[in-house]
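When the letters of the sequence shown are read in order and numbered with mature numbering (1 follows the signal peptide of the UniProt record, and there is no 0), they come out as residues -18 to -1, 1 to 632. Ideal Cβ positions, reconstructed from N, Cα and C, are used throughout, including at glycine.
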Amino acid sequence: MKKILFICLTFISATSLAQVKLARLFSDHVVLQRQKPIPVWGWANANEKVNVTLAGQTQNTQADASGKWTVKFSPLEAGGPYKMTATAKSGTVSVNDILIGEVWLCSGQSNMEWRTSQANNFQEEKKNADYPKIRHFFVEHDVTMTPQADLKTGEWKVASAETIGDFTAVGFFFARELYQKLNIPIGLVHSSWGGSQVEGWISKEAMLSNSELKSYAENLPNNWKDADHFHDQKVQKQLLGANINPTVADEKKYLEANYDISKWHYADNPMGQWDWKGIWAYRGSGYMARYIDVPAEFVNQQSTLALAENDSYNEIYINGKLVSAGIIKGVRKITVPVNTWKTGTNQLVVKFGKMISLPWYGLGLQGSANDLYVEANNQKIAIANGWRLMPAFAEPHEYVHLSNNIGTTIYNAMIAPIVPFAIRGSLWYQGETNAGRAYQYRQSFPLMIEDWRKKWNDDFSFYFVQLANYGGYQNSNQGSNWAELREAQTMTLSLPKTGMAVITDIGNPYDIHPTNKQDVGHRLAINALKKDFGQNIEYSSPMFNAVAFDNAKATVSFKHIAKGLQVNDKFGYLKGFEIAGEDKVFYYAKAEIVDNKVVVYHPKGQKAVAVRYAWADSPMDANLFNSEGLPANSFRTDTWQGTTVNNKFE
């Protein structure tokens, strides 16, 4: 009996020990960075000795008290495949099919996350996808309150027709061009999250070092319970102003006739999740409301109110009167009794909750905006626009843990675990979510770059994509958040070893996700080919250099014009320029290329003091290019206060 007990205790003791393992990035098909020291790390038992071999090199180390161990191999040239083995008393682990080449971290929001299968001409691209020396590692979405030691999931995928559909499209097209030009293995570590704001990707330590973000970092919660309360107060302040923590009695008034909904959150079109309407991560009940102008002939007859799709329990009120309550699947069509509407302005309020079929969806409508209308006697009133939203804060609710609830949390879960995996550089495509705080992005974006470089202890290359053209075509008198964000991105080029791909010519003013990711990848690739690999090519769009004013005209010079400036217009007209006098009023201006400079004329003959180019969310007319087909960067010569200067991250 004692012998059996001894054997059992020995077995339990042995199995309680941690077997040696490698960080998840070090798995089969991994690409390791050439020409730089190669750090490798993992875990074993506390104070256990570990032996690690790679490509003829052997490193010996000892795990610390927590079981963490790290070794560093001498730089290797491109090649492979190799095998890496970590051996300790607790066991052995091996990684096969290792290549040495160029490694790039691909990060940002949805336009970086956008898959190759969603890009232009995917069926054709699949035919040119057999690149076994291009590999891709996808970092799963996650947020944590503290920095993590390792990734929970992930594996390296080898590029082929069967796999590239799930690669980052921008990253794959970038990697393919580099491989075709260099014939060197390319590894892509893909860590991005659609809709994420830059503040989520910055460490707490970096925020504490920055005057703009220090106060936020000092008040960061330490756990998710506190974080949810923190976020709840933020959302309430955003939507309610000073009247935070409304009571059930307060919210019951929302259903009364003539209640003032004008101060509710304006979302215009209510289709889709509220997460993307400016009410982030809220899960609970809520209200959507709007005013409807109804003609006299609707009053004395029965009508139909269509409210698209939402299968939660709904209560629908017209002028304070309950006209429907219950669950309706599919397109909801409610019969409105005679004399419910009144001639003129009516108030419609809908109270609803999380959908039954898609509980993760939260609040919002599905289906088509065309299914939002009032109809009577073959006369239809469209009600797809003009809606206002308000959560039911007084009722039970919660927040799902998404990318933008709390700053630093994406960094903690999706960047910290991959530090200090050796890379050549990073590709970044983000900014749409920060456009409302564009002026502050002048600090937050370079702060993130410097933060990452500090964490890696490596001044690696950092190339980013400027915002595409999307949305309206404002004039400079109206101002443009997106133009100010592009300006902040341009200013970030003052950091060493940075580069920018200008893409205001290949976006889609009606879709925030342009599908031409091939040219985006190419414009990033030429930055790397020039700056990292020494190829003699023009890598940059024309950039504003200087301006000289002479009464009613201005002469603008540019850098990076290659063989010269060109007009991308079949009639040869240069567009996209505005000019202002001392009154600071901008006018669309005539402009022409003269001796590889652009001369801009004030249409009123006034003394010119400022010029702007492509200064709009979607500057569709802007058509100045260099001889390499790269569009000129948007710019302004003035420093007048913009529209986002007072908007801060909270």
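Original post:
To the nearest angstrom, how far is it from the Cα of residue 391 to the Cα of residue 157?
Top reply: For the purposes of this step, residue 391 is taken as residue 409 along the sequence shown, with counting starting at 1. For the purposes of this step, residue 157 is taken as residue 175 along the sequence shown, with counting starting at 1. Going from the Cα of residue 391 to the Cα of residue 157 covers about 29 Å.
Original post:
Along the chain, where does the alpha helix (DSSP H) that runs through residue 154 open and close?
Top reply: Locating residue 154 in the sequence shown gives position 172, where the first residue counts as 1. Unbroken alpha helix (DSSP H) run through residue 154: 151 to 164.
Subject >> Counterpart residues of residue 623 in DSSP-defined beta bridges >> reply: Start at 1 with the first residue of the sequence shown, and residue 623 comes out as number 641. Partner(s): none; residue 623 has no beta bridge.
Original post:
Between the segment 374 to 388 and the segment 280 to 289, do at least 3 Cβ pairs fall closer than 8 Å?
Top reply: no
Subject >> Extent of the continuous alpha helix (DSSP H) run through residue 505 >> reply: Taking the sequence shown and counting its residues from 1, the one referred to as residue 505 is at position 523. It spans 500 to 513 - the alpha helix (DSSP H) in which residue 505 sits, taken as one unbroken run.
Subject >> Unbroken stretches of the alpha helix (DSSP H), 4 residues or longer, contained in the segment 209 to 268 >> reply: 230 to 234
**OP:** Please name the residue, chosen from 544, 235, 596, that lies closest to residue 616 on a Cα-to-Cα basis.
**Re:** Here residue 616 refers to the residue found at position 634 when the sequence shown is read from its first residue. Looking at the Cα atoms, 596 is the closest of the given residues.
Original post:
Between which two residues does the beta strand (DSSP E) carrying residue 79 extend?
Top reply: As a working note, residue 79 is residue 97 in the sequence shown. 73 to 90 is the extent of the beta strand (DSSP E) around residue 79.
Subject >> residue 567 burial status per 10 Å Cβ neighbour count (16 or more: buried) >> reply: Residue 567 sits at position 585 when you count from the first residue of the sequence shown. Exposed, because fewer than 16 other Cβ atoms sit within 10 Å of the Cβ of residue 567.
Original post:
Measuring CA to CA, which of 621, 575, 497, 485 is closest to residue 103?
Top reply: On the sequence shown, residue 103 is found 121 positions in, with the first residue counted as 1. Of the candidates 621, 575, 497, 485, the one whose C-alpha sits nearest the C-alpha of residue 103 is 497.
Subject >> Beta-carbon proximity list for residue 119, same chain, < 8 Å, skipping 5 on both sides >> reply: For the purposes of this step, residue 119 is taken as residue 137 along the sequence shown, with counting starting at 1. Only 7, 12, 136, 137, 138, 139, 169, 170, 171, 172 meet the Cβ criterion.
Original post:
In the DSSP assignment, what are the bridge partners of residue 116?
Top reply: Sequence index remark: in the sequence shown, residue 116 carries index 134 (1-based). Answer is 168, bridged to residue 116.
**OP:** Tell me whether the beta-carbon of residue 643 lies closer than 8 Å to the beta-carbon of residue 399.
**Re:** The chain is shown from -18 up to 632; residue 643 falls before or after that span and cannot be answered.
Original post:
How is residue 449 classed by DSSP in three states: helix, strand or coil?
Top reply: Along the sequence shown, read from residue 1 onward, the residue named residue 449 stands at position 467. Note: residue 449 maps to coil in three-state DSSP.
Subject >> Three-way DSSP call (helix, strand, coil) for residue 303 in this model >> reply: Looking up residue 303 in the sequence shown gives position 321. Residue 303 falls in the strand class under three-state DSSP.
**OP:** Look up residue 334 in the DSSP assignment and give the residues it is bridged to.
**Re:** Here residue 334 refers to the residue found at position 352 of the sequence shown. Partner(s): 268.
Subject >> Which of helix, strand or coil DSSP assigns to residue 284 >> reply: Residue mapping note: residue 284 aligns to position 302 of the sequence shown, counting from 1. Here residue 284 sits in coil by DSSP.
Original post:
Would you report the Cα separation of residue 87 and residue 107, rounded to the nearest angstrom?
Top reply: Locating residue 87 in the sequence shown gives position 105, where the first residue counts as 1. Locating residue 107 in the sequence shown gives position 125, where the first residue counts as 1. About 22 Å.
**OP:** Tell whether a beta-carbon distance below 8 Å holds between residue 66 and residue 43.
**Re:** One-based indexing of the sequence shown puts residue 66 at position 84. One-based indexing of the sequence shown puts residue 43 at position 61. No. Outside cutoff.
Subject >> Given residue 571 as reference, the closest of 564, 472, 372, 582 once Cα atoms are compared >> reply: Within the sequence shown, the letter at position 589 stands for residue 571. Here the closest residue by C-alpha is 582.
Original post:
To which residues does DSSP link residue 443 through a beta bridge?
Top reply: Within the sequence shown, the letter at position 461 stands for residue 443. In the DSSP output, where bridge partners are listed per residue, residue 443 has 407.
Original post:
Is there contact between the segment 209 to 224 and the segment 303 to 319, where contact requires at least three CB pairs shorter than 8 Å?
Top reply: no
Original post:
Do you know offhand how far residue 631's Cα is from residue 254's?
Top reply: Residue numbering aside, residue 631 sits at position 649 when the sequence shown is read from its first letter. Residue numbering aside, residue 254 sits at position 272 when the sequence shown is read from its first letter. Roughly 25 Å separates the two Cα atoms.
Original post:
Between which two residues does the beta strand (DSSP E) carrying residue 532 extend?
Top reply: Within the sequence shown, numbered from 1, the residue matching residue 532 stands at position 550. Run containing residue 532: 525 to 532, per the beta strand (DSSP E) assignment.
Subject >> Cα-Cα separation between residue 591 and residue 543, rounded to whole angstroms >> reply: Numbered from 1 along the sequence shown, position 609 holds the residue referred to as residue 591. Numbered from 1 along the sequence shown, position 561 holds the residue referred to as residue 543. The straight-line gap from Cα to Cα measures roughly 24 Å.
**OP:** Can you tell me which of 510, 419, 455 puts its alpha carbon nearest to the alpha carbon of residue 469?
**Re:** For the purposes of this step, residue 469 is taken as the residue at position 487 of the sequence shown. Minimum Cα distance to residue 469 is reached at 419.
Subject >> Rounded separation between residue 251 and residue 368 - CA only >> reply: Position 269 of the sequence shown, counted from the start, is the residue given in the question as residue 251. Position 386 of the sequence shown, counted from the start, is the residue given in the question as residue 368. Rounded to the nearest angstrom, the two C-alpha atoms are 7 Å apart.
**OP:** Pull up the CB-CB distance for residue 356 and residue 325, whole angstroms please, since I reckon it's below 8 Å.
**Re:** As a working note, residue 356 is residue 374 in the sequence shown. As a working note, residue 325 is residue 343 in the sequence shown. Going by Cβ atoms, the distance from residue 356 to residue 325 rounds to 14 Å, so no, they are not a contact pair.
**OP:** Check whether the Cβ atoms of residue 422 and residue 629 sit closer than 8 Å, and answer yes or no.
**Re:** Stepping through the sequence shown from its first residue, residue 422 is reached at position 440. Stepping through the sequence shown from its first residue, residue 629 is reached at position 647. Yes, they are a contact pair.
**OP:** Could you check which residue in 113, 122, 196 has the C-alpha nearest to that of residue 634?
**Re:** Outside the displayed span of the chain (-18 to 632) sits residue 634, for which this structure offers no information.
Original post:
Anyone know if the C-beta pair for residue 440 and residue 188 falls short of 8 Å?
Top reply: Taking the first residue of the sequence shown as 1, we reach residue 440 at position 458. Taking the first residue of the sequence shown as 1, we reach residue 188 at position 206. In this structure, residue 188 does not lie closer than 8 Å to residue 440 by Cβ.
**OP:** Look up residue 553 in the DSSP assignment and say whether it is helix, strand or coil.
**Re:** As a position in the sequence shown, residue 553 is number 571, starting the count at 1. In the structure shown, residue 553 sits in coil (DSSP, three-state: anything other than H, G, I, E or B).
Subject >> Contact between the segment 399 to 410 and the segment 458 to 468 (3+ Cβ pairs under 8 Å) >> reply: no
**OP:** Pull up the distance between the alpha-carbon of residue -13 and that of residue 89, whole angstroms please.
**Re:** For the purposes of this step, residue -13 is identified with residue 6 of the sequence shown, where counting begins at 1. For the purposes of this step, residue 89 is identified with residue 107 of the sequence shown, where counting begins at 1. Interpretation of residue -13 is limited by its pLDDT of 43, a score under 50 that renders its predicted location unreliable; no figure is taken from the coordinates.
**OP:** Report yes if the C-beta distance between residue 92 and residue 495 is below 8 Å; otherwise report no.
**Re:** Counting from 1 along the sequence shown, the entry for residue 92 is found at position 110. Counting from 1 along the sequence shown, the entry for residue 495 is found at position 513. Yes, the pair counts as a contact, with Cβ atoms nearer than the cut-off.
Original post:
Looking only at C-alpha atoms, which of 272, 363, 205, 241 sits nearest to residue 249?
Top reply: Position 267 of the sequence shown, counting from 1, holds the residue named residue 249. Here the closest residue by C-alpha is 272.
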